[in-house]
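The block underneath contains the structure these notes are about, expressed in structure tokens.
Protein chains: 4
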Amino acid sequence: MVIAIMGSGGDAPGMNPAIKRFVEYLSERGGTPYFIYDGLEGLIDGKIGRADYGDVAGIIHRGGAIIGSSRSPRFFEAPWREVAFKRLQEAGIEGIVVLGGDGSFRAMELFHREFGVPFVGIPTTIDNDIYGTQYCLGVDTALNAIRDAVDRIRDTASTLKRAFVVETMGRECGYLAAMTALTCGAEVCLIPEVDFNEKVATAILREELERGRRYILAIVAEGTKRTLGVARWLEEDLGMETRVTILGHIQRGGNPTVRDRLMGASFVVHGIDHLLQGGEREIVIYDGGKLGLLPVEEVTSQSYRLDPEIVKLLNFLD
Amino acid sequence: MVIAIMGSGGDAPGMNPAIKRFVEYLSERGGTPYFIYDGLEGLIDGKIGRADYGDVAGIIHRGGAIIGSSRSPRFFEAPWREVAFKRLQEAGIEGIVVLGGDGSFRAMELFHREFGVPFVGIPTTIDNDIYGTQYCLGVDTALNAIRDAVDRIRDTASTLKRAFVVETMGRECGYLAAMTALTCGAEVCLIPEVDFNEKVATAILREELERGRRYILAIVAEGTKRTLGVARWLEEDLGMETRVTILGHIQRGGNPTVRDRLMGASFVVHGIDHLLQGGEREIVIYDGGKLGLLPVEEVTSQSYRLDPEIVKLLNFLD
Amino acid sequence: MVIAIMGSGGDAPGMNPAIKRFVEYLSERGGTPYFIYDGLEGLIDGKIGRADYGDVAGIIHRGGAIIGSSRSPRFFEAPWREVAFKRLQEAGIEGIVVLGGDGSFRAMELFHREFGVPFVGIPTTIDNDIYGTQYCLGVDTALNAIRDAVDRIRDTASTLKRAFVVETMGRECGYLAAMTALTCGAEVCLIPEVDFNEKVATAILREELERGRRYILAIVAEGTKRTLGVARWLEEDLGMETRVTILGHIQRGGNPTVRDRLMGASFVVHGIDHLLQGGEREIVIYDGGKLGLLPVEEVTSQSYRLDPEIVKLLNFLD
Amino acid sequence: MVIAIMGSGGDAPGMNPAIKRFVEYLSERGGTPYFIYDGLEGLIDGKIGRADYGDVAGIIHRGGAIIGSSRSPRFFEAPWREVAFKRLQEAGIEGIVVLGGDGSFRAMELFHREFGVPFVGIPTTIDNDIYGTQYCLGVDTALNAIRDAVDRIRDTASTLKRAFVVETMGRECGYLAAMTALTCGAEVCLIPEVDFNEKVATAILREELERGRRYILAIVAEGTKRTLGVARWLEEDLGMETRVTILGHIQRGGNPTVRDRLMGASFVVHGIDHLLQGGEREIVIYDGGKLGLLPVEEVTSQSYRLDPEIVKLLNFLD
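Residue numbers (this note's numbering), protein chains in the order written: chain A, 1 to 318; chain B, 319 to 636; chain C, 637 to 954; chain D, 955 to 1272.
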């Protein structure tokens, strides 16, 4: 079977280990691996090529994706999808492994409905905001990149008696911020999923400052849009000199952790097995410590909900 | 309830986040936290102290354990256990959380049988060789430390056309070596649990070298005792200039990863809850993506077996 | 001789190795080491204590400063300086080693003029903006922290065909931005000391993009106040989707590099030797590969100028 | 002018930034850059190719050297040197930049004497053992890799009350070990250049252990050949459970630090300028904070001597 792999949407660490295992495992299983470069944009433009072992040597420790990725507004116009389908036919591609988020899965779902192209989706986003899976590729590397940044900031915070506000990525999802707060020793955490009671927090922190607390570390999810508001609150209500750091794309890059290398490889093996057995339009998920599959429409029609256990744990913070 | 926490046996990254959460969570639940310093040796010597928030500020990112640890041959002599019990009574300690491996759990099992001291064990060892749990505290940090070392070695290997043999820890268990081989792109992996066919490997590698392979990376678990034998094989049979690195205790130290910080905290919360509900002698385990409990005798009477899935994956090597 | 060490102004990595060596070396030389906690603010409040070996064990790899630091507006009011002087007399302190920047040196110069307290200054700031010295403590660690961030961003930039703007610290000095641009492969660099010709840069980059360039990385010194302007230029004139990262205090923290550990220790040894030989009010400097001394008034009365060699090298960019 | 760059001997971090700058700067100056792959071995085999910008994109943060390196016993036989010379003539190469150590410089000196091929040498070795230069490319990255390993080991050492012996590279030169001992807080340091008084050290350490010291860290240069002897001494005379780590090639690899990126680029620019001005057989050196040049015979006829300042500083240890 001729199968292509493609990145789509934002990139995440772990894509390269997934791409490497894709070429190796599909070859072992007797299939023929192809790359589609630069995502759906590249597909429309016919950037498709045969892949072999040489292409994936020495890439396991690199961030990003050697095959590129993209967001493609063109793909949501019917004539371009027709072009894309022709490209696949010309190259003889019989199935696609898509590394992407739910926007990409929706695009592939539409494409499958119209042209019947079989695909499997690998949930790939540091935001960890895809329905049905407890893990998305890239999350562990992102969390450790944030940890590294927060550990550095704490050094200077404790020296200078200051407050620091660190904004994490995650779009509408508070997962990265919540996990960071739980594991990096924050005093304050704001995420879109949980109400933040400024009054209670002010009272608690004021008391701690009186008892000798030297610094305050606040982790704020970008989805709350309250990064600057929190800084103002810490300055004005708590009288702390306050600094803001917006981590931005530092969170997306870097050498994938062991967990992301392993998850990338495991997701891809599961996906290839499924396509070889006649899979049509499924997403590989991770749940209860095991890999599984869900139909794409189930994944794209529902929204991710933050694990209530995590929400509960956050209560110990202010 | 007055509960003490103690390290026992070899240390592992993640102990400090566990200790921090222990003090915080037990205080929140209305209990009284104590430290036993330097493990069972320290217990015999009465190194016991009341713990509070101040003791655990700023420790979350440090390797090792601020309360120390030890191996205690004395504890396996009955009179010293009697001394240890008296120390606990004097301090009013009603339960113990033990961060350790199966040797430590066996010691505590004996102690419980004799004196009825309630305890919970937190599986803590980078070797990941404890029966009944898929995860032991410290493993993720150790794997990422090894990854970092192997990534560095690969740089120089590919520049100089050489073979490198890297010995990983793990005692009788091949987990660290196997996971490293799977995620860091090794050509050869030797673990105690799997036979290694030198003849087949020689044939495959010779062919690859002829086709242009520039380096060979072999990961060898210390439990095989074949590190130097593999080096000789690569030099003599394959004609590669070969270098050996013995990672040693680099694997044990370092800032705990997000996963180990989270697992440390989660294990401890589960353990405290269990003691508060009348737990007597259980080990907290992680299985199927969830925490659970097993009686200590079940854990100590059986040996860890490497996941057959991992063994299967290793076949693509060699 | 009784000598105290003190941090003043912003912190920088390398302060802890300097503090450690201060205690060790002064003791070896027969002197008596003291700490002044929390800078000039702490001095006014009498936070002064005897220091010994135990205080500096295990601190060499920590960012920040275990003795704290501060900016002290109070110290610029004469009555508070009188209080500060009394504190020193009470504690019997005969000389001070100050880890700080030129604001702190100016404060100490004034203090010396009024009360004759001998001091040596150790240039300590990641901004590298002190006159007379080619190196300030903390710069190497800051540069490597920025390198790490930029390496991560480049991964994602090359995957997604985007432009990235990274703002570095440095107040009015472009050193950090210039060195980063030179060593991390930036296409664009803006610093306060050099005019940036947008037109020329637009022409060059447009041509490169047409020839296949996948991403643009711009390093902007905070002192230019043009971070957002550069982002707008890349979006509008060059048509690149652009993201901004403001590194903030990530640049200040973290485990000091070998160079900063060595420079911290060397600066302090030179400074103590000078005080023991009757030094009055000098700054330790690093020039031409060697340590030396300059009178404080020479250092504070002139502004740092960026090495013209660096400025010349930057011409190849843009 | 047509100039080729070549690695020779062991690799070191910083070679890739040097190679990148070589291509860029020589092109800017109007020259024509070539690569000789795999060192003198590759030269004999005619592995020579034209280099351009595309070859050096995205390599600045990779360890090793994209052009490979080698040790070449063949090159010390006259007929092979003749072959090598013919290869250069065929490719039209008029000068060579050699990244190597003194063995490589000696080979080039011989080659120059016989065939008059102009070259400049860039001192490249983590051992820092080349006469006439205070800095060799790769040293800073190696030192920071060792620091990282030692910081990890200290975590576990202080938890378990143990002694650790860490062997560093450096052949006959103790530089790496000495600098590590000075900056990473070792108690014991053995280098080939300094006698080690076991009796004095035993007395001092015994006293410290009695006063409560929890661990001993010994840094041993491989050139002393006393790694295991030191371990035995710590076990038997001081009664400490002791572990040995042999860092090996971990020290050679990894993302080059800012200093090595800058030194790599600066060395190469200086070397190219010299060749373009008619240089014949010089080595670029770094001394007193500045780059300079020495005739190759001066460099190869004398041995490196460790800075007496460093030797003096080591006295506080032991």
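From the three backbone atoms N, C-alpha and C, an ideal C-beta is built for every residue, glycine too.
Since this is a predicted model, take the numbers as computed values, not measurements.
Out of the options, which one is the CA nearest neighbour of residue i?
i	options	result
S70(A)	Y34(A), L43(A) and W80(A)	L43(A)
L950(C)	A743(C), L826(C) and R807(C)	L826(C)
I3(A)	I310(A), K312(A), D11(A) and I48(A)	I48(A)
S902(C)	I1264(D), G1000(D) and G961(D)	I1264(D)
G254(A)	R783(C), G900(C), I758(C) and A837(C)	R783(C)
P13(A)	T124(A), L275(A), A157(A) and V268(A)	T124(A)
R21(A)	R50(A), A57(A), D38(A) and D45(A)	A57(A)
Does the beta-carbon distance from residue i to residue j come in below 8 Å?
i	j	result
M1133(D)	L1097(D)	yes
M558(B)	A467(B)	no
G1049(D)	F1073(D)	yes
H697(C)	D1094(D)	no
S390(B)	E427(B)	no
V284(A)	L291(A)	yes
D129(A)	E167(A)	no
V538(B)	V483(B)	yes
I66(A)	I19(A)	yes
D11(A)	L796(C)	yes
Q1088(D)	D1241(D)	yes
H274(A)	L293(A)	yes
T501(B)	L262(A)	yes
Under a three-way DSSP split, which group does residue i fall into?
i	result
M642(C)	strand
D318(A)	The predicted position of D318(A) is uncertain, since its pLDDT is 47 and thus under 50; no value can be drawn from it.
D1081(D)	coil
F1030(D)	helix
P436(B)	coil
I1226(D)	helix
V1184(D)	helix
R1101(D)	helix
K1115(D)	coil
G39(A)	helix
A65(A)	coil
Run through chain A and tell me which residues come within less than 8 Å of residue i, C-beta to C-beta.
i	result
S476(B)	G58
Taking Cβ-Cβ distances shorter than 8 Å, what residues in chain D pair up with residue i?
i	result
C825(C)	Correct list: empty, because the minimum Cβ distance to chain D is about 14 Å.
Taking buried to mean at least 16 other C-beta atoms within 10 Å of its own C-beta, is residue i buried or exposed?
i	result
G289(A)	exposed
L228(A)	exposed
G101(A)	buried
P33(A)	buried
Q407(B)	exposed
Q887(C)	buried
V659(C)	buried
D1214(D)	buried
G372(B)	exposed
S939(C)	exposed
D1272(D)	Only weak support is given to the placement of D1272(D): the predicted model assigns it a pLDDT of 47, under 50, and the value that follows is read from those uncertain coordinates. Per the 10 Å Cβ criterion, buried.
S962(D)	buried
D52(A)	exposed
N833(C)	exposed
Could you list which residues in chain A have their beta carbon closer than 7 Å to that of residue i, in chain order?
i	result
I886(C)	A149, R152, I153 and T245
Along chain D, in chain order, which residues have C-beta atoms closer than 7 Å to that of residue i?
i	result
F482(B)	H1203
Find the residues of chain C that neighbour residue i, judging by a C-beta separation of less than 7 Å, and give them in chain order.
i	result
D965(D)	In chain order: nothing, as chain C lies at least about 19 Å away.
Mind listing the chain B neighbours of residue i? Cutoff is C-beta to C-beta under 9 Å, in chain order.
i	result
D259(A)	In the sequence on display, residue 259(A) carries Arg and not Asp. Residues of chain B passing the Cβ test: D458, L461, N462, T501, T575 and R577.
Anything in chain C within Cβ reach of residue i, meaning under 8 Å, just list it in chain order.
i	result
M1133(D)	V894 and L898
What residues from the region 692-721 of chain C come within 9 Å of chain G, judged by C-beta to C-beta, listed N to C?
Absent here is chain G; the protein component of the structure consists of chains A, B, C and D.
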